[in-house]
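A.B. asks: Can you read through this structure? Questions will come right after.
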Amino acid sequence: MRDDEIRESYFKYFNEEKLPFIQCKNCGHRFYYPRAFCPKCGSSDVEVRFSKGQGKIFAMTKIYRKDGSYVVYGIVELDEGFRMYSNIIEGNQADIAKRVEVIFKEINGKKYPLFKVA
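Straight run, no breaks: the sequence shown in UniProt numbering ends on number 118.
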């Protein structure tokens, strides 16, 4: 599978409200970013798998707007053992190590994964 094929399959899965990740068949490493090789061992023997969409906030930051409102952006560590960057909605409840779950939001005709405090 090529990088562009994996990236396109991610958008297909998002529309089905599934959260994909990639697992290396050679070393077992799991990662989110859609690519056709393992960043740990370099193997191209990888497969797309699906997360239950539950995890915890590993790191986060609040980005303030001019009007005083803010968005929360962070790194979520999923229970399957990989991390991904994402917006965290309901930011006033967000904090490091809080449990979160994935939700899918449509933006400009495409669905994207976001997280909310569980």
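Think of the CB as a built atom: it goes at the ideal place given N, C-alpha and C, for glycine as much as any other residue.
Bear in mind that the values here come from a model prediction, so they are computed numbers and not experimental data.
Does the beta-carbon of residue 88 have 16 or more other beta-carbons within 10 angstroms, so that it is buried, or is it exposed?
C.D. replies: Answer is buried; the Cβ neighbour count reaches 16.
A.B. asks: In its own chain, which residues sit with a C-beta less than 7 Å from the C-beta of residue 77, not counting the 5 before and 5 after it?
C.D. replies: Excluding positions up to five away in sequence, the list reads 55, 56, 58, 83.
A.B. asks: Distance check for residue 45 and residue 109, CA to CA, integer angstroms please.
C.D. replies: One C-alpha to the other measures close to 32 Å.
A.B. asks: Out of curiosity, what's the CA-to-CA distance linking residue 61 and residue 26?
C.D. replies: Distance between the alpha carbons of residue 61 and residue 26 is about 35 Å.
A.B. asks: Per DSSP, residue 68 is paired with what?
C.D. replies: Residue 68 is not bridged to any residue.
A.B. asks: Spatial neighbours of residue 10 within its chain, please: C-beta separation below 6 Å, excluding the five flanking residues on both sides.
C.D. replies: The residues are 20, 34.
A.B. asks: Return the residue from the list 67, 91, 80, 47 that minimises the CA-CA distance to residue 73.
C.D. replies: Residue 91 is the option with its Cα nearest to residue 73.
A.B. asks: Looking at the secondary structure, which residues open and close the alpha helix (DSSP H) in which residue 86 lies?
C.D. replies: Counting along the chain, residue 86 falls outside any alpha helix (DSSP H), though it belongs to the beta strand (DSSP E) covering 83-89.
A.B. asks: When we look at the beta-carbon of residue 94 and count the other beta-carbons within 10 Å, is it buried (16 or more) or exposed?
C.D. replies: When all chains shown are included, residue 94 counts as buried.
A.B. asks: If you follow the alpha helix (DSSP H) that residue 2 is in, where does it begin and where does it stop?
C.D. replies: Careful: residue 2 lies outside any alpha helix (DSSP H) and carries neither H nor E.
A.B. asks: Just the Cα atoms here: how many angstroms apart are residue 49 and residue 31?
C.D. replies: Roughly 10 Å separates the two Cα atoms.
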